[in-house]
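According to our numbering, the sequence shown is numbered sequentially starting from 537.
Even for Gly, the Cβ is constructed at its ideal location relative to N, Cα and C.
Keep in mind it's a predicted model, so treat the numbers as computed, not measured.
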Amino acid sequence: MIDAIISAMRNLTMWFNLKDTEVREILALMPEGTVAEKLREPADPDAQAFIDAVATSDDLEVDPDAVVSRGDDGAFVMSWTWVPNEKAGIEPASDEEDHDSIDSPRGILI
Numbered sequence: 537m538i539d540a541i542i543s544a545m546r547n548l549t550m551w552f553n554l555k556d557t558e559v560r561e562i563l564a565l566m567p568e569g570t571v572a573e574k575l576r577e578p579a580d581p582d583a584q585a586f587i588d589a590v591a592t593s594d595d596l597e598v599d600p601d602a603v604v605s606r607g608d609d610g611a612f613v614m615s616w617t618w619v620p621n622e623k624a625g626i627e628p629a630s631d632e633e634d635h636d637s638i639d640s641p642r643g644i645l646i
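Here it is, written out as structure tokens:
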């Protein structure tokens, strides 16, 4: 099973929001290797300060457990930016379409 997971994810760069219990389950199945090393990396102690410092708006949201990539003079904080259909060159959605799904390059997330 692990070989199938590795094969499927070989060329993907992804972000997963994992609970502590899920991290422990993964480490029990794969105690060694690069995935285990990444899961064992300690969180940046200043991550929450950077998350809290983002000025959110109707068009910019930040999850409370956002990914933070620290640099010498600051950090990048993973965020969600709203892009209207018109700006993306997409026809406006009709009232009959499902507005609770998100299109992604790999399919539709619901």
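Taking the DSSP output, what are the residues bridged to residue i?
{"i": "R576", "result": "R576 is not bridged to any residue."}
{"i": "R606", "result": "A611"}
{"i": "W616", "result": "E597"}
Going along the chain, which residues of its own chain have a beta-carbon closer than 8 angstroms to the beta-carbon of residue i, five neighbours each way excluded?
{"i": "V598", "result": "I587, V590, T592, V613, M614, S615, W616"}
{"i": "L563", "result": "A572, L575, R576"}
{"i": "A624", "result": "none"}
Is the beta carbon of residue i sitting closer than 7 angstroms to the one on residue j?
{"i": "D580", "j": "R606", "result": "yes"}
With a threshold of 6 angstroms on Cβ separation, who are the neighbours of residue i within its own chain once the five nearest residues in sequence on each side are excluded?
{"i": "A583", "result": "V604"}
Tell me where the alpha helix (DSSP H) around residue i begins and ends.
{"i": "L554", "result": "Where L554 is concerned, there is no enclosing alpha helix (DSSP H), given that its DSSP letter is neither H nor E."}
{"i": "D588", "result": "583-589"}
Where does residue i sit, in a helix, a strand or coil, going by DSSP?
{"i": "A629", "result": "coil"}
{"i": "A564", "result": "helix"}
{"i": "T570", "result": "helix"}
With 7 angstroms set as the bound, which would you pick, yes or no: does the beta-carbon of residue i sit closer than that to a beta-carbon of chain B?
{"i": "F552", "result": "Among the chains in the structure shown there is no chain B, since it carries only a single protein chain."}
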